[in-house]
Structures are given as C-alpha cells and as structure tokens.
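*Asks:* Numbering (my numbering), first residue to last: 10 to 363.
Every residue gets a Cβ at the ideal spot worked out from N, C-alpha and C, and that includes glycine.
Sharing a structure, written as structure tokens. Questions coming.
Laid out in structure tokens, this is it:
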C-alpha cells in the first residue's frame, strides 16, 4: 500500500551570513565564495541544476556538529539559511523541483520528504520498502515530473532501482541487479533511466540504460573492439549527466577527454585531462575541471575553451569541483579547495562570458 502523505512544520532558526568575493589570479574572473555555517559545505552532485526553479536559491549540503543538513544561498538577499533540522537528513540527496521554485525532495533514512522552502512545511512523500540495506542515493525526477527515480541496496549482493510516485508515495521496482548500482538518473526527456555498474574503477560494462517500465535493459556506451580501447582494462566512462534540452549525455573517458553522446550512446570526444563535466541546459557550453584544479568554460561545437577559475585543489587536495550551471546558463557553481573547503559561484554575465 502507498504511504499516506503527512505534513510537518519545521522550526528553523533564521541564521544567515554573507558571501565574499575575490578575483582569480590567472583568469581575472571575479568569484564569489559562499561562507559556510558548518564544517563541510558541498554542492549537490551535478545530475541536475543545484538551483531552484527561477534561480532564486542555490541548494547545498553542510555539516554542523557532525550532523548533515540542507542549506540554501539566496542570490537576491545574498544570505545563507539552513532549511532542514534534526537527525537522519541525507543532505547530499537534496533534489530541487525543476519547475516549482519552492519545492525540494530529500531522504531521511528510507523515507523521501518534500520540503516547501516558502512555508517550511514538510510532507512525507513515500518510503523505499524492504528488503533494504541502505544505499539510498540522490533521487531524480522522471521526465513527466510525476515520480522520483531512487536506489536501494537490497542485501549484500543485490541493488535495485525504483520509482516513487510523488502524489501517492507508491513504490514500483524498475530493475534489480547483482552488482552495486550508482549514478542513477532518470532522463529529463524520455521514460528511460541511466545507471552504472559501480566498482570505483573499471567495470566490464559500466554504463546502462533501462526503460522506466523495467524493459529493454541495455548497455549505454560500449566500444566492443579491443583495438580501440585507450586503456588495457577497457574504457572507463564516468561522471555522467543528462543534457536537459537535448536528451544526450556528457561523460568523462578516463585519461582521454569529454564524451558528448546522444541518447543511444554514440558520440564524439573533446580531448583533455578532465575530471568532471556538466553541460548547460541547451548543451551548447560545458563547464569542466581538470586534475590540476582548473575550471574551464568550453564551447561544445568548437572545443574552444576559456579558463574561468584556478587553484581549486591548492588548499584542499581532495576537493572535487562538481561544477554545474544554473538553469539559464548565467551562473557556474562549484566546490573549491583554494584555501579551505568552500562553495563558489561565478556570474558569467558579469564576466562578459554569457
């Protein structure tokens, strides 16, 4: 039976703080660093924009006294505010609604909640059912915005992708696999779900697609000719994300470059020592970091690129930029470890790059 939605009102203290700016020494671009209320500020993974619809707020995760919570940075008020409280908040699973600027979704344990940023009201959407052993990852919206694609570990050996109906809370299994599933993302254009065989490295076949009804499970990107493999262990494709307007994907081929692929997995390569990549909504521009801690703005059609930030790993070597665009392509959001772990924002319009 589906879970009955319930409502609660979160009483959040009105804590706020203000951002600071600096000019990058190599690119000359002005960069805004959002100050942290906690100890570990981080953007959300870039399967989708970290901005709310309408671009008023940046949603991110932070940890205070060992407890992860969800925060928002208000671009108009230029303030940071905490939006969740209490135990069990999986802050990294926050998922802003792509149309309603007031709504975001996240996990507490196996339960998905809807939070209204305007009223602070919280609604229990639904629950990932047993058997379950954790493994709840960042949800993504279905193409029709009626469901959330979610993940669970069933037991020691098996993982599952499911769909939770946002209105009723009903859960439906899509596919179960005998390997660790990661990077689950519902297509923004079609009833199709992308996922990977997650090994932390090379896999016999890393990238997969499955129809939302559970049918037609198939490899997404596959190059079956060993003579074309750029590494002895086959190609490692990683850090994937859908391009919202085109239905294609951007991916990183380890040690080779950026792969721009269509909905069938066919694509072309932009060479470079890149680490993560995300496309603008229309796919015409990319933002990508490299292993040296540089951040690049790249034109997809020409491969022309412009350095926009540097030194992102100078102070915190383990920093992962996970850069992404806002919903209009004006802003670039990324993690920086320039001097400490922080969240940073570039206004491309102010920099003359928009």
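Figure out for me which residue from 34, 77, 90, 35 has the closest Cα to the Cα of residue 43.
*Replies:* With distances taken between Cα atoms, residue 43 lies closest to 90.
*Asks:* Residue 47 and residue 72 look like a contact to me (Cβ under 8 Å); what is the Cβ gap, rounded to whole Å?
*Replies:* 5 Å between Cβ atoms; contact.
*Asks:* For residue 118, which residues from the same chain have a beta carbon less than 7 Å from its beta carbon, with the 5 sequence-adjacent residues on both sides left out?
*Replies:* Excluding sequence neighbours, residue 118 sits near 97.
*Asks:* If you draw a straight line from the alpha carbon of residue 35 to that of residue 86, how long is it in whole angstroms?
*Replies:* Straight-line Cα distance between these residues: approximately 29 Å.
*Asks:* Would you mind reading off the limits of the beta strand (DSSP E) that contains residue 136?
*Replies:* First-last of the beta strand (DSSP E) with residue 136: 130-136.
*Asks:* Looking only at C-alpha atoms, which of 231, 197, 270, 219 sits nearest to residue 213?
*Replies:* Measuring from the Cα of residue 213, the nearest candidate turns out to be 231.
*Asks:* Indicate whether residue 121 and residue 158 have their beta-carbon atoms separated by less than 7 Å.
*Replies:* Their beta carbons are not under 7 Å apart, which means residue 121 does not touch residue 158 by this criterion.
*Asks:* Go ahead and label residue 84 buried or exposed: buried means 16 or more other beta carbons lie within 10 angstroms of its beta carbon, across all protein chains shown.
*Replies:* Result: buried.
*Asks:* Taking only three categories from DSSP, how would you classify residue 87?
*Replies:* DSSP places residue 87 in coil when its eight states are reduced to three.
*Asks:* What's the call for residue 114, buried or exposed, on a 16-neighbour Cβ count within 10 Å?
*Replies:* The residue is buried, with at least 16 neighbouring Cβ atoms inside 10 Å.
*Asks:* Can residue 327 be considered in contact with the ligand GDP, in the sense that its beta carbon sits closer than 6 Å to one or more heavy atoms?
*Replies:* Inclusion of the ligand GDP in the displayed structure is not the case, the ligand content being empty and no account of it being possible.
*Asks:* Can residue 204 and residue 138 be called in contact, C-beta distance under 7 Å?
*Replies:* No.
*Asks:* I need the straight-line Cα distance from residue 339 to residue 330, nearest angstrom please.
*Replies:* Cα to Cα, the separation comes out at about 18 Å.
*Asks:* Using the C-alpha atoms, what's the distance from residue 82 back to residue 126?
*Replies:* Roughly 12 Å between the two C-alpha positions.
*Asks:* Would you call the stretch 319-333 and the stretch 343-350 in contact, with 3 or more CB pairs under 8 Å?
*Replies:* With the cut-off at 8 Å, the stretch 319-333 and the stretch 343-350 touch.
*Asks:* Where does residue 161 fall in DSSP's three states?
*Replies:* The answer is strand: DSSP assigns residue 161 an E or B state.
*Asks:* Could you have a look at residue 358 and say whether DSSP puts it in helix, strand or coil?
*Replies:* DSSP places residue 358 in coil when its eight states are reduced to three.
*Asks:* Among 285, 284, 283, 268, which one has its Cα closest to the Cα of residue 277?
*Replies:* Nearest C-alpha to residue 277: 268.
*Asks:* Report the residue from 291, 283, 258 whose alpha carbon sits nearest the alpha carbon of residue 5.
*Replies:* Lying before the first or after the last residue shown, residue 5 is absent from the chain, which here runs from 10 to 363.
*Asks:* Report yes if the CB atom of residue 66 is closer than 7 Å to the CB atom of residue 342, and no otherwise.
*Replies:* Their beta carbons are not under 7 Å apart, which means residue 66 does not touch residue 342 by this criterion.
*Asks:* If you reduce the DSSP assignment to three classes, tell me which class residue 236 lands in.
*Replies:* DSSP places residue 236 in helix when its eight states are reduced to three.
*Asks:* Return the CA-CA distance between residue 260 and residue 116, expressed in angstroms with no decimal places.
*Replies:* Approximately 26 Å, taken between the alpha carbons.
*Asks:* Which term fits residue 300, buried or exposed, when burial requires 16 or more other beta carbons within 10 angstroms of its beta carbon?
*Replies:* Exposed is the call here.
*Asks:* Taking the alpha-carbon of residue 251 as reference, which of 177, 142, 41, 289 has the nearest alpha-carbon?
*Replies:* Nearest option by C-alpha distance: 289.
*Asks:* With a threshold of 16 other CB atoms inside 10 Å of the CB of residue 31, please say whether the residue is buried or exposed.
*Replies:* With fewer than 16 Cβ atoms within 10 Å of its Cβ, residue 31 is classed as exposed.
*Asks:* Using DSSP with H/G/I as helix, E/B as strand and the rest coil, what is residue 350?
*Replies:* Residue state, collapsed to three classes: coil.
*Asks:* Less than 7 Å between the beta carbons of residue 110 and residue 63, yes or no?
*Replies:* Result yes, Cβ atoms of residue 110 and residue 63 sit closer than 7 Å.
*Asks:* Is it buried or exposed for residue 298, if we count other Cβ within 10 angstroms and need 16 for buried?
*Replies:* Buried is the call here.
*Asks:* In this structure, does DSSP put residue 245 in helix, strand or coil?
*Replies:* Note: residue 245 maps to coil in three-state DSSP.
*Asks:* What does residue 228 pair with, by DSSP beta-bridge criteria?
*Replies:* DSSP, once it has assigned bridges, lists 217 as partnering residue 228.
*Asks:* Is it right to say residue 161 is buried, meaning 16 or more other beta carbons lie within 10 angstroms of its own, or is it exposed?
*Replies:* The residue is buried, with at least 16 neighbouring Cβ atoms inside 10 Å.
*Asks:* Tell me the rounded alpha-carbon separation between residue 227 and residue 302.
*Replies:* Their backbone Cα atoms lie some 35 Å apart in a straight line.
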